[in-house]
Every structure is written in C-alpha cells, then in structure tokens.
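**Q** Those protein sequences? They're chains X and A, same order as listed.
Counting from 1, one number per residue, gives the positions in the first sequence under the working numbering.
Counting from 1, one number per residue, gives the positions in the second sequence under the working numbering.
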Amino acid sequence: MYLTLHYRKERQNDFVFTLLILMACSMLVFACVVSNPREILQGMVRIIVEPDGLITDYIQLASMGGAFFNAGVVMLLAILLLRVLKVPFTGMSVACCFLMGGFALFGKNPVNTLPILIGVFLYSKYQRQPYARYVYVALFGTTLSPVVTEMGLISQDWPAAIRLVFPVFIGVLIGFILPPISAFTLRVHQGYNLYNVGFAAGFVGVVLVSILRSFGNTFEIRTLWSTGNNLILSIYLYAICLAMVGTGFWLNGRSFRGIIHLTRHSGRSVADFVVMDGLPVTLINMGIVGAFAVTYVLVVGGDLNGPTIGGVMTIMGFGAFGKHIRNIIWIVLGVVISSYCMIWQLNDPSVLLAALFSTGLAPIAGQFGPVWGIIAGIIHSSVVLNVGTLYGGLNLYNNGFAAGMVCIVLLPLIQGLKRGGDKDA
Amino acid sequence: MHKYREKISRIMDELLMFQFNAGATDIRINLNKMDDGILVHFESDVKDNAQESVDLLERCLKGGRNEAMEEYFWELAGGDEGSDSAELQLIGHMIDDAYVKLDGNHLQITVFKKYQ
C-alpha cells in the first residue's frame, strides 16, 4: 500500500488511491464537524438496524454526522478492498468508490453490504477465479443491500437461529447469482447504460420480491427526505468540486488543456478517462460535472440531502468513467422538458433523483447526439417513476434498472433508423 | 481459462474491425497456441493516413492487463464499428503483451494472452 501526494504519471495508480482516501476522509472529518461523537455513534446504530429501502435518507433517519460517517467508512472499505486485491486504480475504481460513498448516505452500510460481497466471493471460488475479477460486480451489487435488512424484519418472529441466518443467506445468494446476470445484461444494453449492475439487480429484485409477495409479505415504499441543509451541504460539495478542478488544473501544468478532447468521447463503456486522458484532465471533468449537479439541485429548488448527494457523488465518480458535460446535459434537459408536460415537479424527490441518475444514459447522447439524448431523458423520467414498486424499493439503483429498460426500447430503434451500410462493402 | 476461447475470439473480432476501419485490403491472421497462452498475429495493408489511428491502437493495447475490467466488460469487446477508442482500451485490459508496427502501409499487430 502506497500513499503519495506527489503526482507522477508512472505512479498514477498510487495517486488515485491517495485521492480516494482523502475523499473518504473528508466525509469522516465533515461528520465530526457537524455532529458530536455521541450523535455519530447513535446515528450509525440506527442506520444499521432500520430498513434501508428507497428512499431512506440517512441524514433524516440518523443525523448528518451519522450519515457522513457511515458514507466515509463504506467508501474507505471499498477503496481498501480494491487495494488489497491489487486492482489497478483507474476511472472505473473512482466511479465505483464514489458511488459506494454516495449510496452510503441512503441505503448502504458496512453491515448490509457484507453478505453480498461474500456471495460474490463464493461465486469466484466456485469458478476457481481470483476475487479481484469480480470485485466490481461485488461492490456495485451492494445495490441490493436493503434486501438484507428487509429479510431481517421479515424473519423477526422466527426462531433466533433462523432469524440470524436467513438475511445473511439471502444476501449471499444474491451475491452468488449476480455475476452471470450482470454479464448478460451488459450484452443487452451494449454499454449504453453506465449502471449495468443496477439493471441486473433490478431483475433479481423483481423475482425475489414477487416470490416474497406470494408468501403474503408486503413491502412499504417510504420517503425519508431531509430538508433545510442546503447551505452547509452546498459549501461542502462546492469545496470538493473546487478542490478537484484546482488539483487537476495544477497537475495539468496550470491549464485546462485536454478538457475539450475529453468531452469528445461518447462515454460508452469502457470510456475510462483516467486511462485515456490522464488523471489531471479527469479531475477537472469530475469537478465540473459535480458542480453542475449541485447547481442543478439548487436551481430547481431541490434539497441537498443523502439521496441527492448520492446522485451528485455518482455523477462526480462517473466523471472519470463516461460522463462529461456534453453528454449529460441533454439527458437532464430531457427530464426538465418532461416536467413541463407531465404531472410532476422538478423538485419532487423522485424526479430530482431521476434527473441526477438519468445521466447513466449519457452515452446515448454522446454516441447518437443531443436529440436522442433528450428523448432518452424524457422516456427515462417516466419509466423510473413506475418501476420502483416492482421490487418494493429494494434495488437502490432504481435508475439503473429504468435506464436499462430505456436502452432496450431505444437502441434497436436508433440503430434501425440509421440509414446506409458499410462504406466499402 | 474462464471463457478463454470466447475472449480470444472477441479480441480478434475487435482487431479485425480496427483494420477494416483503417482501410485494410489484404488481411492475414495467424493464431498460435503456445504452452502458456495464445499468440495472434495480424498483417494487413492499410490506407495512407492510418498513422494516427495506429498510434492510438498501440497506446490502447499497451495499457496493461486489468483482470477486474476484463471480467466486467469483456462481453462488449468485438463486433462494433464505433470510432471511439473505448473498445480498443478494453482489448488492452484483456491481453498480456502487444506489438504494433506500421511500416509504410504495411501494418503488423501481435497480441498475446496468457491462459490464466
């Protein structure tokens, strides 16, 4: 393990690792600034024992300090897991760790993620492959973490031994089956949905919840949504964005050279900006898209809280792996346009999250142009508001599932409407 | 050798597509099964202004093996005509060694992938 603040291109791996550690530490420090240790501890306990299905804002459920401390811990664990497994730190690692931190503000915690990580580990042993090969599926697969807590609630009247084993067993089972399913769904959307495991997990969630409903279980969709913290949270987020742009600018020879070139990538997987364009330009891009996301929430009159910061952090993270201002803006515009002719408001919790997470479809705008990007955004905003009930809110990447659905409908259409054939044959 | 043959096939597909896009007219492929892996060698004659895309190919192929990326994304490799370098980068994550040389219009690409 090697921490360094001295950037050298040949040791980029260590520098990315260090920056991720610093990001996780910033969340821990922020937690200690806004809450005292007692509040943090009590908050962590509530986060672990309470249900985590969509939308459970940990700031509302526990406390701001508890939520950020949990996010810092989860992000730190994800970073260390990648390091221990000797996975190279590239744009994908940045996206994955930021997403883990972001979703640990509204659904993931160190306890409910563990069974799924173990399940994928067992699958890797079953395939006689190193765990490192499946670590991204494992980390992204924790999208179904709320299932673990929910199973604990379902089994609370059962005998003690079963009550303890059942949630862990279901979590492990989910982890075990996710790798082949996510490999399949990748083929379906061809890399145009950046939240592939969300799409795969959605199907697992639909099947699981359907089976459980057949036994008479019900799944409550709830909305725990904190408000009134925009000032302090926007200061924190803008500071992070500014630090990213500033660090990138400094390391890039005090210039923004290369940022235009970065925005020419379609963003379709595998568009790893750290590998293709280098870390300095990528950091500038992450700061820009992050600031755009924060500004969007504030401009539409939305609330900065656990879920929306999760959205902002996911956009920042994928600013290293597929998202840039030129491909996300059209998708968000599609969601904004849809709000004028449909029945919802832009600052409704679900719509706010739809706008932020719809950017998982950014590669469609990047590859096929603004018009298809806007259409994707419009369709996505409708689909995402209707699919959550299928899995009782237990798939945290609700938008990943919806984005996959949009791809299934749009991609064949786009490709079918393309005129002409090969240039030379 | 998890899905090894399928992966080799995807790698070849992608590199073949690269040569089509570079205007290749006479493509020869040689595949050698060795003790520790498979070596694939391509030779072709490409169009005059292919230097820039060949440089990009070389950078992508020499990006270094990344098993985590390979396992997550390998199904996206091959069969796409997109001009973005993303899939070439993916091929770089899937192979252990690469050699690329453009001599006039004559292009040689050699890639090696270990069994494990």
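Glycine is no exception: its CB is placed at the ideal position from the N, C-alpha and C atoms.
Note that this is a predicted model, so its numbers are computed, not measured.
Tell me the DSSP secondary structure of A:Phe112 in three-state form.
**A** Three-state DSSP puts A:Phe112 in a strand.
**Q** Hey, out of X:Pro146, X:Ile259, X:Leu394, X:Leu224, whose CA is closest to X:Arg427's CA?
**A** Because residue 427 of chain X is not part of the residues shown, which for chain X are 1 to 425, the question remains open.
**Q** Are the C-beta of X:Val90 and some C-beta of chain A separated by less than 8 Å?
**A** What sits at residue 90 of chain X in the sequence shown is Thr, not Val. With 8 Å as the cut-off, X:Thr90 counts as an interface residue toward chain A.
**Q** X:Thr227 to X:Leu208, Cα distance in whole Å?
**A** Straight-line Cα distance between these residues: approximately 33 Å.
**Q** For a quick check, are the C-beta atoms of X:Ser145 and X:Asn112 less than 8 Å apart?
**A** Yes; because the gap between Cβ atoms is below 8 Å, this pair is in contact.
**Q** Which whole-angstrom value is the C-beta distance of X:Met27 and X:Phe89, which I expect to be below 8 Å?
**A** Actually they are not in contact, since the Cβ atoms of X:Met27 and X:Phe89 sit about 18 Å apart, beyond 8 Å.
**Q** Distance check for X:Lys418 and X:Asp303, CA to CA, integer angstroms please.
**A** Answer to the nearest angstrom: the Cα atoms are 41 Å apart.
**Q** Could you work out which residues of chain A lie near X:Ala183, taking near to mean beta carbons separated by less than 7 Å?
**A** The contacting residues are Glu75.
**Q** Compare the C-alpha of X:Phe203 against each of X:Thr389, X:Pro130, X:Ser35 and name the closest.
**A** Nearest option by C-alpha distance: X:Thr389.
**Q** Alpha carbon to alpha carbon, how far is A:Asp26 from X:Val206?
**A** Answer to the nearest angstrom: the Cα atoms are 51 Å apart.
**Q** Contact between the region 137-154 of chain X and the region 185-193 of chain X is defined here as three or more beta-carbon pairs at a separation below 8 Å; is this criterion met?
**A** Counting Cβ pairs under 8 Å, fewer than three are found: no touch.
**Q** Taking Cβ-Cβ distances shorter than 7 Å, what residues in chain X pair up with A:Leu90?
**A** By Cβ distance, chain X contributes Val270.
**Q** Whole angstroms is fine: what's the gap from X:Met252's alpha carbon to X:Met286's?
**A** Inspection of the sequence shows that residue 252 of chain X is occupied by Asn rather than by Met. Answer to the nearest angstrom: the Cα atoms are 14 Å apart.
**Q** What span of residues does the beta strand (DSSP E) with X:His324 cover, start to end?
**A** Looking at the DSSP string, X:His324 is not in any beta strand (DSSP E), and its letter there is neither H nor E.
**Q** Do the region 292-300 of chain X and the region 90-110 of chain X touch if we need at least three Cβ pairs shorter than 8 Å?
**A** The region 292-300 of chain X is not in contact with the region 90-110 of chain X.
**Q** Label X:Tyr192 either buried or exposed according to how many other C-beta atoms from any shown protein chain fall within 10 Å of its C-beta, with 16 as the threshold for buried.
**A** Label assigned to X:Tyr192: buried.
**Q** Taking a Cβ distance cut-off of 9 Å, strictly less, list which residues of the region 270-304 of chain X are near chain A, in chain order.
**A** Hits within the stretch, in order: Val270, Ala271, Asp272, Val275, Met276.
**Q** How is X:Asn229 classed by DSSP in three states: helix, strand or coil?
**A** Note: X:Asn229 maps to coil in three-state DSSP.
**Q** What do you get for X:Pro180, buried or exposed, if any count of 16 or more other CB atoms within 10 angstroms of its CB means buried?
**A** Exposed: under 16 other Cβ atoms inside 10 Å.
**Q** Going by the CB atoms, is the gap between X:Leu346 and X:Val336 shorter than 8 Å?
**A** Yes, the pair counts as a contact, with Cβ atoms nearer than the cut-off.
**Q** May I ask you to list the residues that DSSP assigns as paired with A:Tyr99?
**A** According to DSSP, which records beta bridges pairwise, A:Tyr99 is partnered with A:Thr110.
**Q** Taking the beta strand (DSSP E) that A:Asn32 belongs to, which residues open and close that run?
**A** Where A:Asn32 is concerned, the enclosing beta strand (DSSP E) stretches over 28-33.
**Q** Indicate the three-state DSSP secondary structure (helix, strand or coil) for A:Glu67 in the structure shown.
**A** Of the three classes helix, strand and coil, the one that applies to A:Glu67 here is helix, per DSSP.
**Q** Can you give the Cα-Cα distance for X:Trp344 and X:Tyr58, rounded to whole angstroms?
**A** Straight-line Cα distance between these residues: approximately 25 Å.
**Q** Is A:Ser9 close to chain X, meaning its C-beta is less than 8 Å from at least one C-beta of that chain?
**A** Cβ-Cβ to chain X under 8 Å: no for A:Ser9.
**Q** Measuring straight from C-alpha to C-alpha, what distance separates X:Lys323 and X:Gly91?
**A** Taking the straight line from one Cα to the other gives about 11 Å.
**Q** Provide the residue span of the beta strand (DSSP E) that contains A:Asp45, from first to last.
**A** Run containing A:Asp45: 37-45, per the beta strand (DSSP E) assignment.
**Q** Flag this pair as yes or no: are the beta carbons of X:Gly392 and X:Leu356 separated by less than 8 Å?
**A** No, the pair does not count as a contact, with Cβ atoms beyond the cut-off.
**Q** Using a Cβ-Cβ cut-off of less than 8 Å, give me the residues of the region 42-76 of chain A that come near chain X, in sequence order.
**A** So the close ones are Gly63, Gly64, Asn66, Glu67, Ala68, Met69, Glu70, Glu71, Tyr72, Phe73, Glu75, Leu76.
**Q** If you check the beta carbons only, do X:Asn439 and X:Tyr131 fall under 8 Å apart?
**A** Outside the displayed span of chain X (1 to 425) sits residue 439 of chain X, for which this structure offers no information.
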